[in-house]
Structure formats: C-alpha cells, structure tokens
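Novice: Dropping the structure in here first, questions after.
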Amino acid sequence: MRTEVVSEPGAPDRPNEDFAGVGLPASGQGGCVIVLDGVTPPPDGTGCLHSVHWFTARLGGALTELTVSRGDLTLREILEQAIARTAAAHGATCDLSHPRTPQATVVLSRWSAETVEFLVLSDSVLLLRSPDGTVTPVLDDRLDRVPRASLASDAIADATVRNKEGGFFTAAADPAVAARAVTGTVPSAEVRALAALTDGATRWTEKFREGDWTALLDVVRKEGARALVGRVRELEAADREERVFLRRSKTHDDATVVYVEL
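First residue of the sequence shown: 17, per this note's numbering; consecutive thereafter.
Put into structure tokens, the structure is as follows:
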C-alpha cells in the first residue's frame, strides 16, 4: 500500500489549522483516512479559550482512534461520538453555542477487504479512483449552493446559513450534525486509490481551473502530493492580489493532501 501525507500552512507565521491522519488497525486489516480543515475564525473571536488548531487536533485524534478501534460503528456514529468527546473537553470553559465556536470540515474514509466507506461534511473533497482509471469525487456542495449574498460578511453568514437548515454544516460542538454528512459505501474491488484534500489543495481544480478531478489525481499519483501543493502555491503567488480569482477568502490557505493506493 502506498500512502502520502502532505499538509502545509498557508503562511509560515501562522499555525496550520488542518489535520491529516492515516490509521492502520493492529490486525493489519483495512485502514482509514481522516482530513479536517479548521475554519479560520473572524477577528472578534469564537467564544472559546482554545485555538482552531487545538480543536482540529482533538477532533482528528478522536476520529482516528474511533475509526480504527470501533468497526462496529458507522462513520456517522464515529463522527457523532468524536464531536461529543471534543465538546466535553472544553464545554465547561467555553461558549459552545457561539456560531464561530471552533469547527472544521471533515473527510473520513474507512476500508476493509470488502468495502470502502466514506463521509464528507462541508467543502473538503474525497476522490475515488476505480481500476479503469475513472475518478469519482465525493462532495458536499451545500456551501456552493448558498446565495452569495448570504456570505457577504461573517455576521450575515453566521446568522443565516452557517450550521443552519438551508445553509451549510461543519463539525463544531453539536454531535447531531453528523446526520448531515454525505456518506456512502462501495465495494473495495471498485477502488484502487483515494485522495482526501482540503480546499487549500483543491484550489487547483475549483478556483484556478487547471484541470478536472481526474487531472488533479493524476498529478498526485504521478508527481506526488507535494507537487500538487507546489503548483497551487505558484498559482496563488502569480495572482497574489486576487484580481482574477476573486472568490478566494485569502491569498494562501492551509493545504492538505492524503493519498492512498489500496
């Protein structure tokens, strides 16, 4: 099995808010991938004493442990328990009802000899490559379907669409959000490789339009995950003032890629 994990901060003077993990059970049977993209908070705070990277480390650690050790649970149940466990770790000191309490997007996949299971919540992406080379993206596109006016400011988004019906959802402090995740299962024989990516890495396809999902996965497969992130950084630097690709909230974003050939 070939595995690559690359995670780079958007700026060297700022902590990386992404989380990446690969878990292999002690039995040697199957494995899992976890990728989280922490949501950068607004300047006026989150109601929490803890940083976003503290939150993603806690949630990612819980997801890794549960996915490896609890094969009896569904991925939604694993996400639900991991969110509850993380919330309990700071509920006594922080306002978890704040709309910007630390939160993250989620990609979670678990495979065995028989099946590949997956879960995606918000705008990180999972790509599945079949034996014939066909690439299938697993997407939660609710954020893309939100009216742009609803995202005009942090205050408007928090009041109208963030973790609200008709808007989009992230993993924050409410375990019930696990029911909102996009999930599915495919036979293992239909998957030869998978890649989990945060939106800092998928910019190559989604923002800069350099190639489709198949082309993106080909870059990772042939040149490596770091090559994809390097290409994104070059494109960002060439468009530093965001004059061409205006729908970027920041010039450089944390970028994470986990690639596995099964």
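Ideal Cβ positions, reconstructed from N, Cα and C, are used throughout, including at glycine.
DSSP three-state call for L278: helix, strand or coil?
Specialist: Coil at L278, not helix or strand.
Novice: Which class does D53 belong to by DSSP, given the choice of helix, strand or coil?
Specialist: D53: strand per DSSP, three-state reduction.
Novice: May I have the straight-line CA-CA distance separating A231 from V141, to the nearest angstrom?
Specialist: Those two C-alpha atoms are separated by around 15 Å.
Novice: Return helix, strand or coil for T59, following the three-state DSSP convention.
Specialist: The identity of residue 59 in the sequence shown is Pro, whereas the question assumes Thr. Three-state DSSP puts P59 in coil, outside helix and strand.
Novice: Figure out for me which residue from D269, M17, L233 has the closest Cα to the Cα of W127.
Specialist: It is M17 whose Cα lies nearest to the Cα of W127.
Novice: With a floor of 3 residues, list each beta strand (DSSP E) that falls wholly inside the stretch 123 to 178, ordered by position along the chain.
Specialist: Taking only runs of at least 3 residues, the beta strand (DSSP E) segments lying wholly in the stretch 123 to 178 are 131 to 137, 141 to 145, 151 to 154.
Novice: Are A120 and T90 closer than 8 Å when you measure CB to CB?
Specialist: Going by C-beta atoms, A120 is not nearer than 8 Å to T90.
Novice: Leaving out five residues on either side along the sequence, give the residues of the same chain with a beta carbon under 8 Å from the beta carbon of K266.
Specialist: Closer than 8 Å at Cβ, skipping near neighbours: G26, T56.
Novice: Going by alpha carbons, who is nearest to V274 out of A171, L210, V198?
Specialist: Residue L210 is the option with its Cα nearest to V274.
Novice: Suppose you measure from the CA of L262 to the CA of D234; what does that come to, to the nearest Å?
Specialist: Any reading at L262 is ruled out, since the residue's pLDDT is 49, under 50, leaving its predicted position unreliable.
Novice: Identify which residue in Q45, V49, L167 has its Cα closest to the Cα of E20.
Specialist: Checking every option, the nearest Cα to that of E20 belongs to V49.
Novice: Apart from the five residues just before and just after G246, which ones in its own chain have a Cβ nearer than 8 Å to its Cβ?
Specialist: Hits under 8 Å: none found.
Novice: Helix, strand or coil, according to DSSP, for R86 in the structure here?
Specialist: Of the three classes helix, strand and coil, the one that applies to R86 here is coil, per DSSP.
Novice: I'd like to confirm the pairing. Which residues does DSSP put opposite S23 in its beta bridges?
Specialist: DSSP, once it has assigned bridges, lists T272 as partnering S23.
Novice: How would you call L40, buried or exposed, if buried means at least 16 neighbouring beta carbons within 10 angstroms?
Specialist: It is exposed - the Cβ of L40 has fewer than 16 other Cβ atoms within 10 Å.
Novice: Give the secondary structure of A36 by DSSP, where H, G and I count as helix, E and B as strand, and everything else as coil.
Specialist: Strand at A36.
Novice: Report the CB separation of A212 from V123 in whole angstroms; it is logged as a contact under 8 Å.
Specialist: 4 Å between Cβ atoms; contact.
Novice: Within this structure, are the beta carbons of T221 and A36 separated by less than 8 Å?
Specialist: Against a cut-off of 8 Å, the Cβ pair of A36 and T221 comes out as no contact.
Novice: For L262, name the three-state secondary structure that DSSP assigns.
Specialist: Below a pLDDT of 50, predicted positions are generally treated as unreliable, and L262, at 49, falls in that range; the measurement from the model is reported next regardless. Here L262 sits in coil by DSSP.
Novice: With DSSP run on the structure shown, which of helix, strand or coil describes L210?
Specialist: Reduced to three states, the DSSP call for L210 is strand.
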